[in-house]
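A.B. asks: I have a structure I would like to understand better, so I am pasting it below and will then ask my questions one at a time.
Residue numbers (my numbering): 26 to 187.
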């Protein structure tokens, strides 16, 4: 079972560990330094004080250890996106799915959104399975620029509040 909690300044070492190794293969491809992790947390805490709120970020905890990060971003008054990253040594245990279910609940209640979208790199099908288990439906692809100017067809998913 996982729990979500707001980020805290002391989470920087854990966040730097999450944003490293295979976990970042399908993201920016760059590991976070400790200073960059501190800045990411500082920015998340500043956004949590905004009104109206446009972004929520939570640490994903399993057995009281921070193993990942999940975020909800408001893209319009009624639509938002979710994203998540887990430490590579915690993959395959359902943690991302559990966290996604919790964020979907927040999105459709607290944030009063009607639709959520998410995408993943085509070489990361496990992320697509997470989204499907959380209730999302695959709706197509979206070309995104990658290093070297190539385009990558990211898989796009959506979930409508019923």
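Think of the CB as a built atom: it goes at the ideal place given N, C-alpha and C, for glycine as much as any other residue.
In this structure, what does DSSP give as the bridge partners for residue 169?
C.D. replies: Residue 169 pairs with 177.
A.B. asks: So for residue 87, helix, strand or coil by DSSP?
C.D. replies: Residue 87 falls in the strand class under three-state DSSP.
A.B. asks: Give me, in chain order, the residues of the same chain whose beta-carbon lies closer than 6 Å to that of residue 165; leave out the 5 immediate sequence neighbours on both sides.
C.D. replies: Taken in chain order, the residues that qualify are 181.
A.B. asks: Going by other Cβ atoms of all chains shown within 10 Å of its Cβ, with 16 needed for buried, is residue 163 buried or exposed?
C.D. replies: Exposed is the call here.
A.B. asks: Have a look at residue 62 and residue 47 and give me their C-alpha separation to the nearest angstrom.
C.D. replies: About 17 Å.
A.B. asks: So what does DSSP say about residue 122, is it helix, strand or coil?
C.D. replies: Reduced to three states, the DSSP call for residue 122 is helix.
A.B. asks: Suppose you measure from the CA of residue 177 to the CA of residue 145; what does that come to, to the nearest Å?
C.D. replies: About 10 Å.
A.B. asks: Would you kindly work out how many angstroms separate the C-alpha atoms of residue 114 and residue 43, rounded to a whole number?
C.D. replies: So the alpha carbons of these two residues sit roughly 9 Å apart.
A.B. asks: If we call anything under 9 Å between Cβ atoms a contact, is residue 41 one with residue 57?
C.D. replies: Going by C-beta atoms, residue 41 is nearer than 9 Å to residue 57.
A.B. asks: My guess is that residue 67 and residue 80 are in contact by the Cβ rule of under 8 Å, so how many angstroms apart are they, rounded?
C.D. replies: The pair is not a contact, with the Cβ atoms about 13 Å apart (cut-off 8 Å).
A.B. asks: Are the beta-carbon atoms of residue 149 and residue 103 separated by less than 9 Å?
C.D. replies: No.
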